[in-house]
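The next block holds one structure in the form of structure tokens; read it before the comments.
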Amino acid sequence: AQSVAQPEDQVNVAEGNPLTVKCTYSVSGNPYLFWYVQYPNRGLQFLLKYITGDNLVKGSYGFEAEFNKSQTSFHLKKPSALVSDSALYFCAVRDKDDKIIFGKGTRLHILP
Amino acid sequence: DAMVIQNPRYQVTQFGKPVTLSCSQTLNHNVMYWYQQKSSQAPKLLFHYYDKDFNNEADTPDNFQSRRPNTSFCFLDIRSPGLGDAAMYLCATSRDRGVNTEAFFGQGTRLTVV
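Taken in sequence, the protein lines are chains G and E.
Heads up, this note's numbering is the position in the first sequence plus 24, with the first residue counted as 1.
Heads up, this note's numbering is the position in the second sequence plus 13, with the first residue counted as 1.
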């Protein structure tokens with residue numbers, strides 16, 4: 025079965041510093057990977073996806089993610105964090121049965 | 014413009030009293046999903062529709078039912094809510110089958126059971 029793992033429950037970063045939110049995946053076949061963000065009491069918003077092609081994927085709000093096949097990782101990154109980036113971030117994988125499987129989420133705190 | 018709309022945003026229901034949550038979409042997407050999310054945990058898939066084809070997750074309790082009368086609307090019915098059913102319920106859509114399509118989520122309905 026397809027799955028993703030987010031090893032960190034919480035990540036704290038000072039405003040202006042680069043941020044990384046980690047995700048590793050376990051899939052059979054080609055991986056189709058996504059990142060979503062959730063603000064308090066809101067639904068999930070799509071940030072970016074990796075399907076094929078360039079390993080560095082650019083997405084919304086200045087976020088990007090790096091696909092690394094040898095490490096089975098798909099870490100979310102941003103060069104300079106904003107306080108408004110503070111939210112809950114989910115890595116996800118899509119499986120052949122149309123399901124979207126989410127990781128447990130990582131809470132990102134950007135410190136002013 | 015909102016594309017996936019969930020009503021209501023907040024719902025309070027009594028223990029054991031049937032409740033219905035609604036979702037509508039203006040995207041004309043074929044796939045609609047219902048997820049349950051508790052306390053900042055990962056969303057858990059309850060079921061999904063591909064067009065009219067209903068797909069139930071094996072561990073979704075019988076207490077949860079769904080209806081999709083047309084492309085635009087999908088309903089989640091909880092026949093006898095228990096305290097453990099208090100959660101955020103998320104509706105999502107996806108354009109079609111295919112592993113490269115992302116999902117679009119509504120704002121969610123937070124259900125409280127008293």
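Think of the CB as a built atom: it goes at the ideal place given N, C-alpha and C, for glycine as much as any other residue.
At 8 Å on the CB atoms, spell out the chain G contacts of residue i, in chain order.
i	result
Y63(E)	D122
V44(E)	D122
F117(E)	F70
S53(E)	L112, G129 and R131
L103(E)	G67 and L68
According to DSSP, simplified to helix, strand and coil, what is residue i?
i	result
D66(E)	strand
D90(E)	strand
Y56(G)	coil
H107(G)	The sequence given here has Val at residue 107(G), not His. Note: V107(G) maps to helix in three-state DSSP.
L71(G)	strand
Y63(G)	coil
S50(G)	strand
S53(E)	coil
L132(G)	strand
L59(E)	strand
L80(G)	strand
L40(E)	coil
Buried or exposed: where does residue i fall if 16 or more other Cβ atoms within 10 Å of its Cβ makes it buried?
i	result
G127(G)	buried
F67(E)	exposed
K120(G)	exposed
R79(E)	According to the sequence shown, residue 79(E) is Ser rather than Arg. When all chains shown are included, S79(E) counts as buried.
R110(E)	exposed
A100(E)	buried
K73(G)	buried
D122(G)	buried
Q19(E)	buried
For residue i, collect the residues of the same chain with a Cβ closer than 8 Å to its Cβ; drop the 5 residues on either side in sequence, then sort them by chain order.
i	result
D109(G)	L43, Y85, K102, L132 and I134
L96(E)	F28 and V126
F60(E)	Y46, W47, F67, N68, N69, E70, T73, F77 and S79
R22(E)	Q120, G121, T122 and R123
Give me the chain G residues within the contact set of residue i, using Cβ-Cβ distance strictly less than 7 Å, ordered along the chain.
i	result
L58(E)	K123
R110(E)	D122
L40(E)	In chain order: nothing, as chain G lies at least about 13 Å away.
Using a C-beta to C-beta distance shorter than 9 Å, which residues of chain G count as neighbours of residue i?
i	result
N113(E)	Y56, K73, I75, T76 and R118
R123(E)	N65
L34(E)	Within 9 Å Cβ-Cβ: nothing; L34(E) doesn't reach chain G, min ~13 Å.
L89(E)	Those do not exist, as L89(E) stays about 14 Å from chain G at its closest Cβ, beyond 9 Å.
Q24(E)	Within 9 Å Cβ-Cβ: nothing; Q24(E) doesn't reach chain G, min ~13 Å.
Q49(E)	None at all; the shortest Cβ gap to chain G is about 12 Å.
Q120(E)	N65, R66 and G67
Grab me the residues of residue i's own chain with a C-beta within less than 6 Å of its C-beta, minus the 5 sequence neighbours each way, in chain order.
i	result
T106(E)	V17, Q38, L40, H42, M45 and F117
N92(G)	none
L58(E)	Y48 and E70
Y62(E)	M45 and R81
P31(G)	K46
F86(E)	S37
P55(G)	Y49
How would you list, in chain order, the residues of chain E whose beta-carbon sits under 7 Å from the beta-carbon of residue i?
i	result
F126(G)	A55 and P56
Less than 7 Å between C-beta atoms, sequence neighbours within five positions excluded: which residues of the same chain meet that for residue i?
i	result
D98(E)	I91, L124 and V126
9 Å is my cut-off, CB to CB: does residue i come that close to chain C?
i	result
S79(E)	Protein chains in the displayed structure are G and E, and chain C is not among them.
Within 8 Å, do at least three Cβ pairs link the stretch 82-98 of chain G to the stretch 56-65 of chain G? yes
The stretch 43-53 of chain G / the stretch 92-100 of chain G touching (three or more Cβ pairs under 8 Å): In short, these stretches touch, since the Cβ pair count reaches three.
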